[in-house]
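Undergrad:
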Ligand code: F0G
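In this note's numbering, the protein residues as written are 173 to 638.
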């Protein structure tokens, strides 16, 4: 265990509470209470780590940066490194696979594609199980151990499942996952099988799985690790801390993320707000969320809110009209009733960002462009670059502004999609499997070439391609 500099406070558990985010309720609960929504009003919960007053910002920043050379597993983890702002005791049974520490890349071709001078991509697909979920899962599974749970469950479009399976294994807990049958990429499903999870394939979509999870969460032996769980969000908020550290604490004008169940956007929003409250950053980046057109209930709600109201604090709408039959080839975000929509909407409105949707063709072409930067990502992640292109065209993002987009999953998470795009066979089935499929043109196609097995044929092919 490393020695803490005297000026840095201990982790926040002693002062942390769970709190209903709805201003009209605001009920407060202890952090050992196993609850996922407010027992009084059903509102979303978030963790209050004790307010900015308990830390000295410069001391915190110095301590985090000093941990770069430590061999303590908690310092190597890109999440536990920030433990002063996480709701756990020093003695907590920290679970880690050395998550976080993901790179930020300059992406010049993607920048040019969007009409920007520069664009940075923070690649959360470089996490241990290949997606951003790991930064939250280490915290949720640690809390499962703190609470003495035996089984940890989640509903998933594939990535949460793979992450939960891996982290629960590490912690010696039983992982069980609910997946919509036939709607998960084969690579993600394979990960969960390999990590030894109980894989339950459900006839229904992700939202049906999520409803079942909420029922299962009533069983005291079962702990829910979906992003409805506020401890997941605590882990994921550290991505904002790591990003700012990598940006040398210079706040980008915009941060752009994909939106599905809305945990990621909620977590980043919380992370940036905590940094601002501590005085570690002077303003918030404008946080924008991009959904796929066929699964865009929050983008629709956002568009319906009067433009004047969306930039300031205003009462959150009571209800979200869900999408009964979400459709997109970006299966990670094929979600019609996002559970964390209120938190995400609040974060976007406070920051002055936008929530918009992009088409299947826009996602596919943006994904290929990210590939051309030598980076690659899964389809859901590419909504960011597609959305940024639209936000530039609409004048919300200006050419010379600084932008970080968060890529959420690794390119190998969905190889079938990638291959179909480049071979020109990518298509979205019609609703209910009927009607004409929507064919996606491979505008930046790069299909394999059948070449004769001779040097001259290969050289000729290279010359044609130059
Ligand atoms: N990108 C990827 C690659 C995802 O897997 C997800 C969500 C998102 C974006 C959206 O993030 O839900 O926090 O708004 N995947 C979840 C899952 C739903 O089960 O793996 P969000």
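We treat Cβ as the ideally placed atom computed from N, Cα and C, and that holds for glycine. In this text the structure is predicted, and so the values were computed from the model without any measurement.
With contact counted as at least three CB pairs below 8 Å, one residue from each stretch, are the segment 491-498 and the segment 427-441 in contact?
TA: no
Undergrad: Taking a contact to mean a Cβ-Cβ separation below 8 Å, would you say residue 355 touches residue 331 in this structure?
TA: Taking the chain shown and counting its residues from 1, one reaches residue 355 at position 183. Taking the chain shown and counting its residues from 1, one reaches residue 331 at position 159. The answer is no: Cβ separation not under 8 Å.
Undergrad: Residue 629 by DSSP, collapsed to three states: which one?
TA: For the purposes of this step, residue 629 is identified with residue 457 of the chain shown, where counting begins at 1. Helix.
Undergrad: Between residue 545 and the rest of its own chain, which residues show a CB-CB distance below 6 Å, the 5 nearest in sequence each way excluded?
TA: For this step, residue 545 is matched to residue 373 along the chain shown. Around residue 545: 279, 281, 282.
Undergrad: What whole-angstrom Cβ distance do residue 370 and residue 338 have, given they're in contact under 8 Å?
TA: Residue 370 sits at position 198 when you count from the first residue of the chain shown. Residue 338 sits at position 166 when you count from the first residue of the chain shown. Between residue 338 and residue 370 the Cβ distance is about 14 Å, and since that is not below 8 Å, they are no contact.
Undergrad: When DSSP labels each residue in this structure, what does residue 367 get in the three-state scheme?
TA: Reading the chain shown from its first residue, position 195 is the one you call residue 367. It is coil, neither helix nor strand.
Undergrad: Have a look at 617, 313, 368, 514 and flag the residue whose alpha-carbon is nearest the alpha-carbon of residue 398.
TA: Here residue 398 corresponds to residue number 226 of the chain shown, with the count starting at 1. It is 313.
Undergrad: Taking C-alpha atoms, which residue in 346, 291, 380 lies nearest to residue 316?
TA: Here residue 316 corresponds to residue number 144 of the chain shown, with the count starting at 1. Of 346, 291, 380, the residue nearest in Cα terms is 346.
Undergrad: For residue 388, collect the residues of the same chain with a Cβ closer than 6 Å to its Cβ; drop the 5 residues on either side in sequence, then sort them by chain order.
TA: Working through the chain shown from its first residue, we reach residue 388 at position 216. 325, 394, listed in sequence order.
Undergrad: If I follow the unbroken beta strand (DSSP E) through residue 220, where does it start and stop?
TA: Sequence index remark: in the chain shown, residue 220 carries index 48 (1-based). Here the beta strand (DSSP E) through residue 220 covers 217-220.
Undergrad: Please return the same chain residues whose Cβ sits closer than 6 Å to the Cβ of residue 442, not counting the five positions on each side in sequence.
TA: Residue numbering aside, residue 442 sits at position 270 when the chain shown is read from its first letter. For residue 442, where only same-chain residues beyond five positions count, the Cβ hits under 6 Å are 409.
Undergrad: Express the C-alpha separation of residue 638 and residue 625 in angstroms, rounding to a whole number.
TA: As a first step, residue 625 must be located in the chain shown, where it is residue number 453. As a first step, residue 638 must be located in the chain shown, where it is residue number 466. In a straight line, the C-alpha of residue 625 is about 20 Å away from that of residue 638.
Undergrad: Do the segment 287-298 and the segment 573-590 meet, that is, are 3 or more Cβ pairs less than 8 Å apart?
TA: In short, these stretches touch, since the Cβ pair count reaches three.
Undergrad: List the residues that DSSP assigns as beta-bridge partners of residue 581.
TA: Indexing the chain shown from 1 puts residue 581 at position 409. In DSSP, residue 581 forms a bridge with 303.
Undergrad: Quick one: complete beta strand (DSSP E) runs, 3+ long, within the segment 536-597?
TA: 575-579
Undergrad: Along the chain, where does the beta strand (DSSP E) containing residue 529 start, and where does it finish?
TA: Along the chain shown, read from residue 1 onward, the residue named residue 529 stands at position 357. Per DSSP, residue 529 belongs to the beta strand (DSSP E) from 527-530.
Undergrad: Taking the beta strand (DSSP E) that residue 346 belongs to, which residues open and close that run?
TA: As a first step, residue 346 is located in the chain shown; it is residue number 174 there, counting from the start. It spans 346-352 - the beta strand (DSSP E) in which residue 346 sits, taken as one unbroken run.
Undergrad: Could you name the residues that DSSP lists as bridge partners for residue 208?
TA: The residue labelled residue 208 in the question sits at position 36 within the chain shown. Here residue 208 is not bridged, per DSSP, to any residue.
Undergrad: With three or more beta-carbon pairs closer than 8 Å as the criterion, would you say the segment 500-512 touches the segment 457-471?
TA: yes
Undergrad: Buried or exposed: residue 192, going by 16 or more other Cβ atoms within 10 Å of its Cβ?
TA: Here residue 192 refers to the residue found at position 20 of the chain shown. Classification of residue 192: buried, given that the 10 Å Cβ count is 16 or more.
Undergrad: Any heavy atom of the ligand F0G closer than 7 Å to the beta-carbon of residue 434?
TA: Along the chain shown, read from residue 1 onward, the residue named residue 434 stands at position 262. Yes, since a heavy atom of the ligand F0G falls inside the 7 Å radius drawn around the Cβ of residue 434.
Undergrad: Under 7 Å Cβ to Cβ from residue 305, same chain only, skipping five residues before and after it: list those, please.
TA: In the chain shown, residue 305 corresponds to position 133, counting from 1. Closer than 7 Å at Cβ, skipping near neighbours: 331, 332, 335.
Undergrad: What's the C-alpha gap between residue 181 and residue 445?
TA: Stepping through the chain shown from its first residue, residue 181 is reached at position 9. Stepping through the chain shown from its first residue, residue 445 is reached at position 273. At residue 181 the pLDDT is 48, less than 50, meaning the model places this residue with poor confidence and gives no usable figure here.
Undergrad: Which runs of the alpha helix (DSSP H), 4 residues or longer, sit entirely within the segment 436-480?
TA: 469-476
Undergrad: Kindly provide the ranges of any beta strand (DSSP E) runs that are 3 or more residues long and lie completely inside the segment 309-351, ordered along the chain.
TA: 323-327
Undergrad: Which partner residues of residue 599 appear in the DSSP bridge assignment?
TA: Counted from its first residue, the chain shown places residue 599 at position 427. Beta-bridge pairing links residue 599 to 611.
Undergrad: Specify, as a first and last residue, the run of the beta strand (DSSP E) that residue 202 falls within.
TA: Taking the first residue of the chain shown as 1, we reach residue 202 at position 30. Note, residue 202: beta strand (DSSP E), 200-202.
Undergrad: Return the bridge partner residues of residue 294 from the DSSP annotation.
TA: Walking along the chain shown from the start, residue 294 turns up at place 122. BP columns for residue 294 point to 276, 578.
Undergrad: Would residue 555 and residue 532 qualify as a contact pair, given that the criterion is a beta-carbon distance under 8 Å?
TA: Along the chain shown, one-based indexing puts residue 555 at 383. Along the chain shown, one-based indexing puts residue 532 at 360. In this structure, residue 532 does not lie closer than 8 Å to residue 555 by Cβ.
Undergrad: Let me check you understand the geometry: is the CB of residue 350 closer than 7 Å to at least one non-hydrogen atom of the ligand FAD?
TA: Summarising the ligand content, the structure contains the ligand F0G and does not contain the ligand FAD.
Undergrad: Between the alpha carbons of residue 210 and residue 511, how many angstroms are there, rounded?
TA: Position 38 of the chain shown, counted from the first residue, corresponds to residue 210. Position 339 of the chain shown, counted from the first residue, corresponds to residue 511. Approximately 13 Å between the Cα atoms of the pair.
Undergrad: Can at least three beta-carbon pairs, one atom from the segment 560-570 and one from the segment 262-281, be found at a separation below 8 Å?
TA: no
Undergrad: Can you look up residue 638 in the DSSP assignment and give me helix, strand or coil?
TA: The count along the chain shown starts at 1 and reaches residue 638 at position 466. Residue 638: coil per DSSP, three-state reduction.
Undergrad: Should residue 532 be counted as a contact of the ligand F0G given a C-beta to heavy atom distance under 7 Å?
TA: Here residue 532 refers to the residue found at position 360 of the chain shown. Every heavy atom of the ligand F0G is 7 Å or more from the Cβ of residue 532, so no.
Undergrad: With respect to the alpha helix (DSSP H) encompassing residue 411, which residues constitute its N-terminal and C-terminal limits?
TA: Residue numbering aside, residue 411 sits at position 239 when the chain shown is read from its first letter. Unbroken alpha helix (DSSP H) run through residue 411: 402-418.
Undergrad: Alpha carbon to alpha carbon, how far is residue 455 from residue 179? Give it in angstroms, no decimals.
TA: As a position in the chain shown, residue 179 is number 7, starting the count at 1. As a position in the chain shown, residue 455 is number 283, starting the count at 1. The predicted position of residue 179 is uncertain, since its pLDDT is 40 and thus under 50; no value can be drawn from it.
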